[in-house]
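Novice:
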Amino acid sequence: MNCRVHCQKAAKDETLVHKKSVSKSVTQVSETSQYRALELHNIPLPTTGGQKQASDRDAGSSTAEIKMPSGKTDKPVIEDNRDGTVSVRYEPKEEGLHELVVKYNGEHVQGSPFKFHVDSISSGYVTAYGPGLTHGICGEPCNFNIITKDAGSGSSLLRGRGGLSLAVEGPSKAEITCHDNKDGTVSVSYLPTAPGEYKISCKYADKHIKGSPFTVKVTGEEHYSMVLEAPNTGTKRRIDCLSAGEGRKRNQISVGSNSEVSLPSKVPEKEIKLLNASIQAPSGLEEPCFLKRLPDGSLGISFTPREVGEHTVSVKKMGNHINKSPFKIHVGELEVGDARKVIVKGAALKEGRTHEENQFFVDTRDAGYGGLSLSIEGPSKAEISCKDKDDGTLAVSYKPSEPGYYIINLKFADHHVDGSPFTVKVTGDGSNRQTERIKRDREAVPLTEVGSQCRLTFKMPGVSAFDLGAVVTSPGGVSEAAEIVVVEEGFYAVNFVPKELGVHTVSVKFREIHIPGSPFQFTVGPLRDYGAHKVHAGGPGLERGEVNVSSEFNVWTREAGAGSLAISVEGPSKAEIDFKDRKDGSCYVGYTVTEPGEYRVGIKFNDLHIPDSPYKVYISPQLGDAKKVEIGQFPEAISTVNKPIAFIVTKNGAAGTLDCKVLAPSGAEDDCFTAPIDDDTYAVRFLPKENGIHFFHVRLNGVHVPGSPFRLKIGKDEADPAAVNAQGNGLKAIKSGQKTDFIIDTSAAGSGTLAVTIDGPSKVSMDCTEADVGYKVRYTPLAPGDYFISVKYNGYHIAGSPFKVHCTGQAITEETSISETSSVIVETVPKQGKTGFERVVMPRFNSDASKVKCKGMGLKKAYLHKQNQFTVQADEAGQNILYCGVIGPKGPCDEVYVKHQGKNQYSVNYVVHERGDHVLIVKWGDEHIPGSPFKVEVP
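Encoded structure:
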């Protein structure tokens, strides 16, 4: 986006606003130098693992180097500020573009390398200097100065014209302000609202000054999404949040406003879910739209009008148009959303206070139909609430917890309303949250090949290997049990030998429940995709913790390739972070904090958040008496719903109040019935009403007892995310403005909750309808770029999710730097696969084919039309399956009969009907026995 401003030296100053920079930077003139000295202050140092406080980190491991225009290098002066930052001072020796590299423990600090242009002080030309020409932080003012006082004497070209023109071009609109200091200098400030690379153009008399355009790197953060429902309105809101403790945070809400049109067709209620609909605009843009039963009983569609004119609505059942489809509808000018007609007012659009509700009002009554989206980005995640007023307007309030500058983006029908983005100065007290970060480089692991030993490791303290199980599913859909071995106490490895190239799915379960992170993706051969979206993380440290006790979790980066892994912990106290690299594409992280409360754990790979990051973790106080509490007779699994379950809780002398709750798969929370058996023992009873994984929370005085929450599987038909797969053109290369789709196959997974989320440069119109083997998801992207499609089944990512899909073409909606999110949730029903057979997991055999023995005339010679026989002895070869086959000159023989005679002793008979040499194959499992394949003569 571009932002331009023209400044005249004689312009009135009252229209110019000067903003004070948050960071400090000074450029001074040395008495002996012909160039201005560069000084950069308060450059933050990265942390190295939580072993030092900010004030304890020193500049001893900090290095700085200048690369001059001539190619020579020079050393600036670097000083430790004793607060976790350093300052750099440099006396230039050459004119032109320089590069400053600042490193700490061999790692670039944030923003490094910095680029800056050096001018001669007495050049006689207009010159510019300052940190805002080198680097900046998203949402914070970037400042620089322009010197014009000597320009007239140095160049007759500038006389009489004196026009100063400034432009900022980059990922976002950046509001520019300039202030004439009346001393031949102009102070310039601009406010970038999105991270990325910006170009700063400075022109005087319609010509670029030296160094212009300047390249500025602005850093910022990514965000994740969730859906909330506004109280008292039923309005769905999407909330996008940046990771806490990693710079700026963003909250975003979306409020839908769709047009509903009745269609002249009668469809039974039970068939609506079998239909899908799409609408084509006059321009040819086709998008999915939602079918619904209108209050008058007729069939209708719900969509967001984008164009005026005649639209075509297609309603299909299993690919065929229903009666009277396609339909024609007309969209009038007043129905199309117009962001220019949205009225926004309120003092909170200019200034706000921390820890208070800051309110403004939005009026969309005369703006037509369209979605209203609001994002607030700043030093903290501002809580947002949205309420419908009786007059049809919206009251929006936000509650930040840290002071500073915030950016409010307000869009209607995918376009900014007038004045957006708004810059708000928030004052007041902060929350004093503390952050610790570490960063580690990750190397790509060696490629695995077919037939090689593959290993996936994980740490899970406090469990027995007997309660763990693993299954590996090949790209061809064959599932086999895998071996789990104990590497050391609490540390396990899944071993398997692949038989195919491609992406395998590894499911690891504890008592029939997937462990955190499972199912895993494991590629045999070269990686097909890589990046942050392929990193998995899981473990108790991402769910809960206790003060002064290490909270631990696993991170698997094997599928992401080489890159940089960053871990951050933000909360009421400083965290000490411990990192252990297993050198196999996985690592183990532990962090310890000293104060209870809510913490956020951010995990980034190559500066991008991994799926589901940041994680919200509640750290409880020290267990105290809660450590004494024991759970007894807790069931391993319950086969049916509506059958009471019970277990025993023993306090062992612990003083306090016992509290038991259960969280069902649907998210419903219910109290358990707790009855005392004696003064120290209690019986806990609950009646489950849903199939799936239930979580039982047992607390003493509000503190979880050891092991809580406890997981319990109810019912036989648990939805298995490892059995779900997705494929189709919608997961490959796509083009903006063109409808696409993909199929999610749930036929082998049972019923469950299917959630699909698409994050990308634009919102997408999306729907999900039933298909033969599962569900079809259709969507239309409206802007080019990378989209990330997350597919979850009962809360677990399926194998390969999130999928990265690249979109080409032209932008149809207004381009924005904010990632937009669209989602759909479906309660699935059991589906039948194309084969009609249930998926079966092959057991893991422990056998040795070299110990199989066989004998008999049928191994060497066979006679036409007669029973030819041999025997197989596998009593010393372990357990496996015997495979036998005979093929002749023209094809396989008609009959092979295998009979098990007990104790792995077999008799084999076969009949041949043609002369010539035949081949007899005998395998014990996947391996040939000694002598196989045999050559058999048929005279």
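To convert, take the position in the sequence shown, counting from 1, and add 266; that gives the numbering used here.
Every residue gets a Cβ at the ideal spot worked out from N, C-alpha and C, and that includes glycine.
These numbers come from a predicted model, not from an experiment.
What are the start and end residues of the beta strand (DSSP E) that includes L978?
Specialist: For this step, residue 978 is matched to residue 712 along the sequence shown. Element bounds for L978: F976 to I980.
Novice: Name, in chain order, the residues that DSSP records as bridge partners for F788.
Specialist: Here residue 788 refers to the residue found at position 522 when the sequence shown is read from its first residue. F788 pairs with H770.
Novice: Just to confirm my understanding: we take K1058, look at its own chain, exclude 5 residues before and 5 after, and list those with CB closer than 6 Å. What are they?
Specialist: Translated into positions along the sequence shown, residue 1058 becomes position 792. Result list for K1058: A1021, in chain order.
Novice: Which ranges does the beta strand (DSSP E) cover as unbroken runs of at least 3 residues, wholly within the region 993-1079, from first to last along the chain?
Specialist: Correct list: 1006-1011, 1019-1026, 1031-1036, 1040-1046, 1051-1059 and 1069-1074.
Novice: DSSP state of M1123, grouped into three classes?
Specialist: Translated into the one-based positions of the sequence shown, residue 1123 becomes position 857. Helix.
Novice: Indicate whether V610 and V692 have their beta-carbon atoms separated by less than 8 Å.
Specialist: Within the sequence shown, the letter at position 344 stands for residue 610. Within the sequence shown, the letter at position 426 stands for residue 692. Their beta carbons are not under 8 Å apart, which means V610 does not touch V692 by this criterion.
Novice: Would you please state the rounded distance, in angstroms, between the beta carbons of P764 and V790? I believe it to be under 8 Å.
Specialist: Within the sequence shown, the letter at position 498 stands for residue 764. Within the sequence shown, the letter at position 524 stands for residue 790. Indeed, because the Cβ distance is near 4 Å, the residues count as touching under 8 Å.
Novice: Please classify D733: does DSSP put it in a helix, a strand, or coil?
Specialist: Within the sequence shown, the letter at position 467 stands for residue 733. Correct three-state label for D733: helix.
Novice: State the beta-bridge partners of K465 as determined by DSSP.
Specialist: Position 199 of the sequence shown, counting from 1, holds the residue named residue 465. In the DSSP output, where bridge partners are listed per residue, K465 has E435 and T481.
Novice: What three-state label does DSSP hand R1110 in the structure shown?
Specialist: By 1-based counting over the sequence shown, the position of residue 1110 is 844. Three-state DSSP puts R1110 in coil, outside helix and strand.
Novice: Can at least three beta-carbon pairs, one atom from the region 1182-1196 and one from the region 1151-1159, be found at a separation below 8 Å?
Specialist: The answer is yes - the region 1151-1159 touches the region 1182-1196, with three or more Cβ pairs under 8 Å.
Novice: Answer yes or no: do K927 and V895 have a C-beta to C-beta separation smaller than 8 Å?
Specialist: Working through the sequence shown from its first residue, we reach residue 927 at position 661. Working through the sequence shown from its first residue, we reach residue 895 at position 629. Not closer than 8 Å, so no.
Novice: Measuring alpha carbon to alpha carbon, tell me which of D1025, G1075 and K1042 ends up nearest A1049.
Specialist: Along the sequence shown, read from residue 1 onward, the residue named residue 1049 stands at position 783. Of the candidates D1025, G1075 and K1042, the one whose C-alpha sits nearest the C-alpha of A1049 is G1075.
Novice: In or out: Y884 buried (at least 16 other Cβ within 10 Å) or exposed?
Specialist: Here residue 884 refers to the residue found at position 618 of the sequence shown. When all chains shown are included, Y884 counts as exposed.
Novice: Going by alpha carbons, who is nearest to A988 out of M1032, K979, P887 and F786?
Specialist: Residue numbering aside, residue 988 sits at position 722 when the sequence shown is read from its first letter. Out of M1032, K979, P887 and F786, F786 has the C-alpha closest to the C-alpha of A988.
Novice: In the DSSP assignment, find the beta strand (DSSP E) that holds E576 and state where it starts and stops.
Specialist: One-based indexing of the sequence shown puts residue 576 at position 310. Element bounds for E576: G575 to K583.
Novice: With P397 and N409 assumed to form a contact (beta carbons below 8 Å), what rounded beta-carbon distance in angstroms separates them?
Specialist: Walking along the sequence shown from the start, residue 397 turns up at place 131. Walking along the sequence shown from the start, residue 409 turns up at place 143. Correct: roughly 7 Å between the Cβ atoms.
Novice: Leaving out five residues before and five after S386 in sequence, what residues of the same chain have Cβ atoms less than 7 Å from its Cβ?
Specialist: Counting from one through the sequence shown, the residue named residue 386 turns up at place 120. Once the five neighbours on either side are set aside, the close Cβ partners of S386 are Q300, Y301 and E361.
Novice: If you follow the beta strand (DSSP E) that P942 is part of, which residue opens it and which one closes it?
Specialist: Here residue 942 refers to the residue found at position 676 when the sequence shown is read from its first residue. It spans F939 to P942 - the beta strand (DSSP E) in which P942 sits, taken as one unbroken run.
Novice: Which term fits N1170, buried or exposed, when burial requires 16 or more other beta carbons within 10 angstroms of its beta carbon?
Specialist: Locating residue 1170 in the sequence shown gives position 904, where the first residue counts as 1. Buried: at least 16 other Cβ atoms inside 10 Å.
Novice: Pick out whichever of D937, S1013 and K979 has its Cα sitting closest to the Cα of A992.
Specialist: Position 726 of the sequence shown holds residue 992. Residue S1013 is the option with its Cα nearest to A992.
Novice: Kindly indicate which three-state DSSP category H682 falls into: helix, strand or coil?
Specialist: Locating residue 682 in the sequence shown gives position 416, counting from the first residue. Note: H682 maps to strand in three-state DSSP.
Novice: By Cβ distance, which residues of its chain are closer than 7 Å to H1072, with the 5 residues on each side in sequence left out?
Specialist: For this step, residue 1072 is matched to residue 806 along the sequence shown. The answer, listed in chain order, is A999 and D1052.
Novice: Label Y671 either buried or exposed according to how many other C-beta atoms from any shown protein chain fall within 10 Å of its C-beta, with 16 as the threshold for buried.
Specialist: If you number the sequence shown from 1, residue 671 lands on position 405. It is buried - the Cβ of Y671 has at least 16 other Cβ atoms within 10 Å.
Novice: How should I1032 be labelled, buried or exposed, when 16 other C-beta atoms within 10 angstroms of its C-beta is the threshold for buried?
Specialist: For the purposes of this step, residue 1032 is taken as the residue at position 766 of the sequence shown. Sequence check: residue 1032 is Met here, not Ile. Buried, since its Cβ has 16 or more Cβ neighbours within 10 Å.
Novice: Are L551 and I1078 touching if we call contact CB-CB under 8 Å?
Specialist: Residue 551 sits at position 285 when you count from the first residue of the sequence shown. Residue 1078 sits at position 812 when you count from the first residue of the sequence shown. Yes, these two residues count as a Cβ contact at 8 Å.
Novice: How is the beta strand (DSSP E) around L638 delimited, first residue to last?
Specialist: As a working note, residue 638 is residue 372 in the sequence shown. Residues L638 to G644.
Novice: How do the region 701-712 and the region 955-964 stand: do at least 3 beta-carbon pairs fall below 8 Å, yes or no?
Specialist: Segments in contact, no.
Novice: So, helix, strand or coil for K607, using DSSP?
Specialist: For the purposes of this step, residue 607 is taken as residue 341 along the sequence shown, with counting starting at 1. Correct three-state label for K607: helix.
Novice: Return helix, strand or coil for E809, following the three-state DSSP convention.
Specialist: Position 543 of the sequence shown holds residue 809. Note: E809 maps to coil in three-state DSSP.
Novice: Would you give the residue range spanned by the beta strand (DSSP E) that G707 belongs to?
Specialist: The residue labelled residue 707 in the question sits at position 441 within the sequence shown. For the sequence presented, residue 707 should be read as Asp rather than Gly. Element bounds for D707: Q700 to R708.
Novice: Could you tell me if G1066 is buried or exposed, where buried requires 16 or more neighbouring beta carbons within 10 angstroms of its beta carbon?
Specialist: Residue numbering aside, residue 1066 sits at position 800 when the sequence shown is read from its first letter. Buried is the call here.
Novice: Whose C-beta lies closer than 6 Å to the C-beta of Q546 among residues of the same chain, with five residues either side of it excluded?
Specialist: Residue mapping note: residue 546 aligns to position 280 of the sequence shown, counting from 1. Excluding residues within five positions, the ones whose Cβ falls inside 6 Å are E552 and T578.
Novice: Please list, in chain order, all residues of the same chain as G477 whose beta carbon is under 6 Å from its beta carbon, the five residues on each side excluded.
Specialist: Within the sequence shown, numbered from 1, the residue matching residue 477 stands at position 211. Within the same chain, G477 has close Cβ partners H383.
Novice: Spatial neighbours of S336 within its chain, please: CB distance less than 7 Å, with the 5 preceding and 5 following residues excluded, ordered by chain position.
Specialist: Here the question's residue 336 lines up with position 70 in the sequence shown. E360.
Novice: Within 10 Å of its beta-carbon, does H1063 have 16 or more other beta-carbons around it, so buried, or fewer, so exposed?
Specialist: Reading the sequence shown from its first residue, position 797 is the one you call residue 1063. Classification for H1063: buried.
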